[in-house]
Structures are given as structure tokens and as C-alpha cells.
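Note sheet for the following structure.
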Ligand code: C5P
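Spelled out as C-alpha cells, the structure:
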């Protein structure tokens with residue numbers, strides 16, 4: 001039987017950085033489910049699908065195939081045969097993704113794929129609803145969070161590192177808060193800590209500290 005680790009939490013808590021490191025150390029496959037939702041948003045933006053129209057979304061979802069591939073250990077998300085990984089991290093896609101991911105048709109389209117990946121292999125899957133909906137039987141569940149100010153600052157520095165200085169700290173704080181609000185208050189699969197998840201607040205912790213903490217939690221469970 002495969003061992004599954006679920007990591008959930010709000011934007012900017014450090015999920016993908018930490019999850020990638022932990023997965024590498026444990027030799028687990030890292031599945032970034034946010035990237036799958038983001039690829040769907042790329043499709044909807046390109047095809048001008050009205051994301052408030054459930055029937056149009058259902059029809060669009062039937063035309064979408066999402067696959068994951070790994071290049072030098074890095075997850076790539078493939079949308080209808082095209083690697084769209086370079087296009088999924090823009091602010092426009094982030095906002096569209098959080099609107100879209102509240103829609104039943106979109107969530108249904110990804111749920112089975114995510115469960116199948118976790119059945120086949122040891123995975124560390126990160127997202128918003130992994131511990132609560134996708135893998136309710138995951139052997140280890142982590143809820144990774146940090147204060148809104150710490151999360152906004154991290155995103156701000158990430159943009160600067162990529163050479164993008166077009167976003168102010170205030171703008172990032174506002175867009176993160178909007179995304180949290182939508183992700184936590186939507187009807188289906190809202191972001192929330194699973195009852196059996198371990199809460200890890202990374203506001204004052206470094207990457208290495210969080211990584212070794214999660215690995216020690218895994219050692220206790222395995
Ligand atoms: O994790 P990331 O910031 O890339 O996720 C982008 C958006 O995708 C989130 O704001 C959320 O709306 C959505 N998402 C989701 N369920 C997941 C993963 C991501 O609704 N399991």
C-alpha cells in the first residue's frame with residue numbers, strides 16, 4: 001500500500017517549497033494540485049470560457065486533459081499535450097484559478113486523477129482540500145500556515161527574485177487575502193484544517209526547520 005502525505009494551507013505558507021524538499025528527501029512523488037487547477041485556468045482564459053456558467057464549464061472540462069510529467073524531478077503540468085508550466089504562475093492566472101476552483105465541474109474533473117496518482121505510488125500532495133476531500137485516509141496530514149503579513153512578504157520576495165518588481169507589498173497582501181477568503185468560504189471543498197492534521201505555523205520558522213519537522217512527523221508515523 002502506498003504512503004500518502006497531505007499538505008494543505010493558504011497561499012504563501014511555503015507549501016510548495018517545503019513539500020518539494022520533503023518529497024525529495026523521502027523519495028516520494030510530489031504532486032502540486034494547485035498547478036493542475038492553474039492549468040485549467042489557462043485553458044479557460046485562452047478559450048474565453050465564462051467561469052460563472054456551469055454548463056459551459058462542464059463542456060470545457062470534457063475537452064481538457066491534464067497530465068503530470070517530471071523533468072529533473074520538477075513537476076510539469078501538461079494541458080492537452082502542451083507543457084503550460086511556464087504560464088501558470090501569473091497574477092491573472094492565480095485569481096482566475098481561485099474563482100474557477102470553486103466550481104463543481106472543475107473540482108470533479110481533477111478529483112479522480114489526484115486519487116489515482118496517490119493509489120499508485122507514495123505521494124506528497126499539496127493543495128487546499130487534500131486532507132479533507134482528496135485523500136481523507138492519508139497517513140500523515142499537515143496544515144501549513146503563516147501570518148498574512150509573513151505570507152505576503154514571501155510572495156513579494158519571490159516576485160522580486162524572478163525580476164518582477166511590478167507588484168507592491170500592499171497589492172500582494174490584498175490579493176492573497178481575496179484568494180484566502182474565496183478558498184476558505186466556498187461551498188465545495190473549502191480550505192480548512194482536517195481534524196487529524198498537524199498544524200505547522202511557519203511564520204517564524206526557516207525552510208530547513210519546517211522540512212526537518214515534517215520529516216520527523218513522518219518518521220513517527222511510518
Ligand atoms: O497552491 P496554489 O496557490 O498554486 O493554488 C492556486 C489556487 O488553486 C488556490 O488559490 C485554490 O483556489 C486552488 N486550489 C484548490 N484546491 C487545491 C489546490 C489549489 O482549490 N487542492
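Numbering (full-length UniProt numbering), first residue to last: 1 to 222.
Each residue gets a CB set at the ideal place from its N, CA and C atoms; glycine is no exception.
(request) Note the first and the last residue of the continuous beta strand (DSSP E) segment covering residue 141. (result) Counting along the chain, the unbroken beta strand (DSSP E) around residue 141 starts and ends at 140 to 145.
(request) Please indicate yes or no: does the CB of residue 127 lie closer than 8 Å to some heavy atom of ligand 1? (result) Yes; taking the cut-off as 8 Å, the Cβ of residue 127 has a heavy atom of ligand 1 nearer than that.
(request) Decide if residue 4 is buried, meaning its Cβ has at least 16 other Cβ atoms within 10 Å, or exposed. (result) The residue in question, residue 4, is buried, as its Cβ has 16 or more Cβ neighbours within 10 Å.
(request) Check whether the Cβ atoms of residue 216 and residue 123 sit closer than 9 Å, and answer yes or no. (result) Result no, Cβ atoms of residue 216 and residue 123 do not sit closer than 9 Å.
(message) Distance check for residue 170 and residue 32, CA to CA, integer angstroms please.
(response) Cα to Cα, residue 32 sits roughly 27 Å from residue 170.
(request) Verify the contact flag: residue 97, CB atom, against every heavy atom of ligand 1, threshold strictly below 8 Å. (result) Residue 97: yes, Cβ under 8 Å from ligand 1.
(message) Quick check: what's the CA-CA separation for residue 82 versus residue 16?
(response) Each residue's alpha carbon lies about 22 Å from the other.
(message) Am I right that residue 100 and residue 40 are in contact with their C-beta atoms under 8 Å? What's the rounded C-beta distance?
(response) Right, the Cβ-Cβ distance comes to about 6 Å (below 8 Å), so this counts as a contact.
(request) Determine the direct distance from the alpha carbon of residue 72 to that of residue 175, and round the result to whole angstroms. (result) Their Cα atoms are separated by approximately 32 Å.
(request) Using 8 Å as the cut-off, classify the Cβ of residue 142 as near or not near the heavy atoms of ligand 1, replying yes or no. (result) With a cut-off of 8 Å, the C-beta of residue 142 is classified as distant from ligand 1, since no heavy atom of the ligand falls inside that distance.
(request) Find out if the Cβ-Cβ distance for the pair residue 141, residue 197 is shorter than 9 Å. (result) Yes, these two residues count as a Cβ contact at 9 Å.
(request) Look at the Cβ atom of residue 93, then the Cβ atom of residue 49, and state whether they are nearer than 9 Å. (result) Their beta carbons are not under 9 Å apart, which means residue 93 does not touch residue 49 by this criterion.
(request) For residue 147, verify whether its CB is less than 8 Å away from any heavy atom of ligand 1. (result) Not one heavy atom of ligand 1 sits closer than 8 Å to the Cβ of residue 147.
(request) Taking only the alpha-carbon atoms, compute the straight-line gap between residue 244 and residue 103 and give it to the nearest angstrom. (result) Missing from the structure shown is residue 244; the chain here goes from 1 to 222 and no further.
(request) Evaluate contact between the stretch 204 to 221 and the stretch 21 to 32, counting only Cβ atoms and requiring at least three cross-stretch pairs below 8 Å. (result) Yes: the two stretches touch, three or more of their Cβ pairs being nearer than 8 Å.
(request) Please go through the same chain and pick out, in chain order, the residues whose beta-carbon is closer than 7 Å to the beta-carbon of residue 69, but skip the five residues on each side of it. (result) If we look at residue 69 and ignore the five residues flanking it on each side, its Cβ neighbours are 76 and 78.
(message) Please report the straight-line C-alpha distance between residue 177 and residue 183, rounded to a whole angstrom.
(response) The alpha-carbon atoms of residue 177 and residue 183 are separated by roughly 10 Å.
(request) Check whether the Cβ of residue 134 sits closer than 8 Å to any heavy atom of ligand 2, and report yes or no. (result) Ligands present in the displayed structure are limited to ligand 1, and ligand 2 is not among them.
(message) Assuming residue 13 and residue 146 are in contact, meaning their beta carbons sit under 8 Å apart, how far apart are those beta carbons, in whole angstroms?
(response) Separation of the CB atoms of residue 13 and residue 146 is rounded to 5 Å, and the pair is thereby assigned contact status at 8 Å.
(request) Kindly indicate which three-state DSSP category residue 125 falls into: helix, strand or coil? (result) Strand at residue 125.
(message) Am I right that residue 29 and residue 133 are in contact with their C-beta atoms under 8 Å? What's the rounded C-beta distance?
(response) About 20 Å; that fails the 8 Å criterion.
(message) Taking its Cβ as the centre, do 16 or more other Cβ atoms sit within 10 Å of residue 108, making it buried, or is it exposed?
(response) With fewer than 16 Cβ atoms within 10 Å of its Cβ, residue 108 is classed as exposed.
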